[in-house]
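Colleague: As given, the protein sequences belong to chains A and B, one line each in that order.
Residue numbering for the first sequence is 585 to 806, as defined by this note's numbering.
Residue numbering for the second sequence is 3 to 296, as defined by this note's numbering.
Backbone N, C-alpha and C define an ideal beta-carbon position, used for all residues, glycine too.
Remember, predicted model here, so these are calculated numbers, not experimental data.
Supplied in structure tokens, the structure appears directly below.
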Amino acid sequence: MNPNELLKVNVNDHTEKKNGLTYLSWAWAWAKVLESDPTANYEVKTFVDNDLNGAVVPYMNLGNSCMVWVTVTIFGKPITCQLPVLDYRNKCIATPNAFDINTSIMRCLVKGIALHGLGLYIYAGEDLPMDAEPVTVKASDSSGAVTASVDLDTGDDAANAKLFADGMIEYSSHVTDVKGLNSYWTSNKRQLDRLKDKHPDLYADVLAKFSALKKQLAQPKE
Amino acid sequence: MEITNVHNVPEPLVTLAKGQYYSKGKSDYSVTELMSPPRVRRLQEKHDAERVQDVSQMLWPLLGSALHVVMERGETEGWVSEERLFMEVDGVTISGAIDLQQETPDGVVIVDYKFTSAWAVMNDKIEWEQQLNIYKLLVERVKGKKVIGLRICALIRDFSRHDAREGYPLAPIHMVDIPLWDSQRTMDYIHDRLEVHQESKVAADFEEQLPLCSPEDRWMSETIYAVMRDGRKTAIRVVKDEADAKEIAEAESAKGKGDVYIDVRLGEPKRCTGDYCGVAQWCSQYQSEIGESK
Numbered sequence: 585m586n587p588n589e590l591l592k593v594n595v596n597d598h599t600e601k602k603n604g605l606t607y608l609s610w611a612w613a614w615a616k617v618l619e620s621d622p623t624a625n626y627e628v629k630t631f632v633d634n635d636l637n638g639a640v641v642p643y644m645n646l647g648n649s650c651m652v653w654v655t656v657t658i659f660g661k662p663i664t665c666q667l668p669v670l671d672y673r674n675k676c677i678a679t680p681n682a683f684d685i686n687t688s689i690m691r692c693l694v695k696g697i698a699l700h701g702l703g704l705y706i707y708a709g710e711d712l713p714m715d716a717e718p719v720t721v722k723a724s725d726s727s728g729a730v731t732a733s734v735d736l737d738t739g740d741d742a743a744n745a746k747l748f749a750d751g752m753i754e755y756s757s758h759v760t761d762v763k764g765l766n767s768y769w770t771s772n773k774r775q776l777d778r779l780k781d782k783h784p785d786l787y788a789d790v791l792a793k794f795s796a797l798k799k800q801l802a803q804p805k806e
Numbered sequence: 003m004e005i006t007n008v009h010n011v012p013e014p015l016v017t018l019a020k021g022q023y024y025s026k027g028k029s030d031y032s033v034t035e036l037m038s039p040p041r042v043r044r045l046q047e048k049h050d051a052e053r054v055q056d057v058s059q060m061l062w063p064l065l066g067s068a069l070h071v072v073m074e075r076g077e078t079e080g081w082v083s084e085e086r087l088f089m090e091v092d093g094v095t096i097s098g099a100i101d102l103q104q105e106t107p108d109g110v111v112i113v114d115y116k117f118t119s120a121w122a123v124m125n126d127k128i129e130w131e132q133q134l135n136i137y138k139l140l141v142e143r144v145k146g147k148k149v150i151g152l153r154i155c156a157l158i159r160d161f162s163r164h165d166a167r168e169g170y171p172l173a174p175i176h177m178v179d180i181p182l183w184d185s186q187r188t189m190d191y192i193h194d195r196l197e198v199h200q201e202s203k204v205a206a207d208f209e210e211q212l213p214l215c216s217p218e219d220r221w222m223s224e225t226i227y228a229v230m231r232d233g234r235k236t237a238i239r240v241v242k243d244e245a246d247a248k249e250i251a252e253a254e255s256a257k258g259k260g261d262v263y264i265d266v267r268l269g270e271p272k273r274c275t276g277d278y279c280g281v282a283q284w285c286s287q288y289q290s291e292i293g294e295s296k
């Protein structure tokens, strides 16, 4: 089996849905990889955590969130990918425990395998599952993308907040009724509350946009 | 909410009152929270820092908490006590702490303890039905076990052995069987509740009017009509229907024993008037009614 064939494998019978997102079983995916290339391997990146007296840990501590990195080598080609440590609602965890980190590493492994082709079709764009609830998923994914591209470069909470706020506004265009707006807003309630607390100006922008949108959606359609 | 100890009761009771023995776990809603009126929940959140309650006023909630603590210690073969289960619905995590599950060869019987009144067990309480049927769904979905029965173990705090009314419980501990719903009905109910809570959360954030509490939410008592006669202290008859009252009044009037009139005794939102929600003073719905009646 070559990379092109990996792309064509139907993985649907080995997925599980949680919180509206689709997850592929890491055990099945890795077995499939070994079946295709017995020499395949993967490596979890480790980092020195100064907050833990210089301990070597399998995650990158970004202050208000953490990132795990896995390099998957199949057919001699290494591909490295990253994943923020997320909770069950797909939101960043500031102080993850061992279970959270392990879960993220195994999900990162699956993502790395997907970058080689296997199960790639269940992702859209960087890491957007195609068949999850549209609004919630886009919001969740925007936060994932934000962490991946911004935290690493700057570790800047303000930049993350701005991207989150922009993401909220950007994806509000997908909302078609008040019920959807309510669902979208409450799905991101924790982050919105944090935004309100830490960045009230950005929160005000998001609130104004959503308030106006709600009024517009509440109007009877002609 | 600040818990005060004005009467200097023992500190462990204060600790218990502060809810350290009860948690909804890592969930968005507990079952009871989901069932509660959204207006009440949002006002409680908004005014949490301002709310004050003295521990001496929390007898029944304290006894309820104490019972949960005691139950966790009592292990009996074939019974699972104090288990909290989690389930996701539309991306929202719901949890329910089930007091007791009796494992039988045919399936599980769910039992929930309630400190309650004799009146409550003599009348249908839809909220018991709603709560226990969500527990049923949790057990079926999370544990994959069939639920064959739902029962309330009512601990009747005002029991009187001399009360002989029809349907009055025979003992201070009384078992009440609760009707079973199919899973679709329960899911429909959960979806409805999630929707009203989401709506109220957004309304609170957008500083809009919160959804109003329904008469059921407010424990509204019925309006009754008392047929009265001048010079008599007690009513001739008390009825729930205005037309019936008028008919009785006409008949009594025809007897020529004095002027007959109807005294309309309006229903009362007991949850609001007794401030059982704890936020009546901040509730525009209730406060505007008081203002109007003044």
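(1) Residues in its own chain within less than 8 Å of Pro784 of chain A by CB, not counting five upstream and five downstream?
(2) Report the neighbours of Ser771 of chain A on chain B: residues whose CB is nearer than 7 Å to its CB, in chain order.
(3) How should Val54 of chain B be labelled, buried or exposed, when 16 other C-beta atoms within 10 angstroms of its C-beta is the threshold for buried?
(4) Mind the definition here: the segment 672-682 of chain A touches the segment 641-655 of chain A only if three or more C-beta pairs lie below 8 Å; say whether that holds.
(5) Quick one: what does DSSP say Lys780 of chain A is sitting in, helix, strand or coil?
(6) Just to confirm, does Cys285 of chain B get its C-beta within under 7 Å of one of the non-hydrogen atoms of the ligand MN?
(7) Got a sec: is the Cβ-Cβ distance from Gln200 of chain B to anything in chain A below 8 Å?
(8) Would a check of beta-carbon distances place Lys138 of chain B closer than 8 Å to chain A?
(9) Just reading off the beta strand (DSSP E) that Trp81 of chain B is part of, what are its end residues?
(10) Chain A beta carbons: is any one of them nearer than 8 Å to that of Asp50 of chain B?
(11) Do we get a CB-CB distance below 8 Å when we pair Gly146 of chain B with the residues of chain A?
(12) For the segment 790-806 of chain A, enumerate the residues whose C-beta is nearer than 8 Å to any C-beta of chain B, in chain order.
(13) Skipping 5 residues on each side, what residues in its chain have a beta carbon closer than 6 Å to that of Asn625 of chain A?
(14) For Met177 of chain B, write down the residues that DSSP places opposite it in a beta bridge.
(15) Are the CB atoms of Met189 of chain B and Leu140 of chain B nearer to each other than 8 Å?
(16) Take Val11 of chain B and list the residues in its own chain whose beta-carbon comes closer than 7 Å to its own, dropping the five residues that flank it on each side.
(17) Quick check: is the beta carbon of Asp207 of chain B nearer than 8 Å to any beta carbon in chain A?
(18) Quickly, what does DSSP pair Phe631 of chain A with across the bridge? List them, please.
(19) Does any residue of chain B bring its CB to less than 8 Å from the CB of Leu702 of chain A?
(20) Is the number of C-beta pairs between the segment 58-67 of chain B and the segment 12-21 of chain B that are closer than 8 Å three or more?
(21) Using the beta-carbon count (16 or more within 10 Å), is Asn637 of chain A buried or exposed?
(22) Can you give me the start and stop residues for the alpha helix (DSSP H) that Leu45 of chain B sits inside?
(23) Please confirm whether Asp101 of chain B and Met60 of chain B have their CB atoms less than 8 Å apart.
(24) Considering only C-alpha positions, which residue in the set B:Glu52, B:Val123, B:Ser83 is nearest to Val110 of chain B?
(25) Going by C-alpha distance, which of B:Glu52, B:Trp130, B:Tyr263 is nearest Glu4 of chain B?
(26) Could you pull out every unbroken beta strand (DSSP E) segment of at least 3 residues lying fully inside the segment 175-218 of chain B, listed in chain order?
(27) Grab me the residues of Ser795 of chain A's own chain with a C-beta within less than 7 Å of its C-beta, minus the 5 sequence neighbours each way, in chain order.
(28) Excluding sequence positions up to five away, which residues of its chain have a Cβ less than 6 Å from the Cβ of Val595 of chain A?
(29) For chain B, is any of its Cβ atoms less than 8 Å away from the one on Asn766 of chain A?
(30) When the Cβ atoms of the segment 224-231 of chain B are set against those of the segment 239-246 of chain B, are three or more pairs found closer than 8 Å?
(31) Between B:Asp179, B:Tyr191, B:Met222, which has its C-alpha nearest Lys272 of chain B's C-alpha?
Modeller: Looking at the atomic coordinates:
(1) None.
(2) Gly93
(3) exposed
(4) yes
(5) Here DSSP, grouped into helix, strand and coil, assigns Lys780 of chain A to helix.
(6) With respect to the ligand MN, the structure shown offers nothing to examine, as it has no ligands at all.
(7) yes
(8) no
(9) 81-91
(10) Output row for Asp50 of chain B: interface = no.
(11) no
(12) Leu791, Phe794, Ser795, Lys798
(13) Thr657
(14) B:Cys155
(15) no
(16) Val57, Ser58
(17) yes
(18) A:Val641
(19) Closer than 8 Å: no.
(20) Yes: at least three Cβ pairs fall under 8 Å.
(21) exposed
(22) 40-48
(23) no
(24) Measuring from the Cα of Val110 of chain B, the nearest candidate turns out to be B:Ser83.
(25) Per the Cα distances, B:Glu52.
(26) 175-179
(27) For Ser795 of chain A, where only same-chain residues beyond five positions count, there are no Cβ hits under 7 Å.
(28) Its chain contains Leu608, Gly703 as the residues whose beta carbon lies nearer than 6 Å to that of Val595 of chain A, once the 5 sequence neighbours on both sides are disregarded; these appear in chain order.
(29) yes
(30) yes
(31) Nearest C-alpha to Lys272 of chain B: B:Met222.
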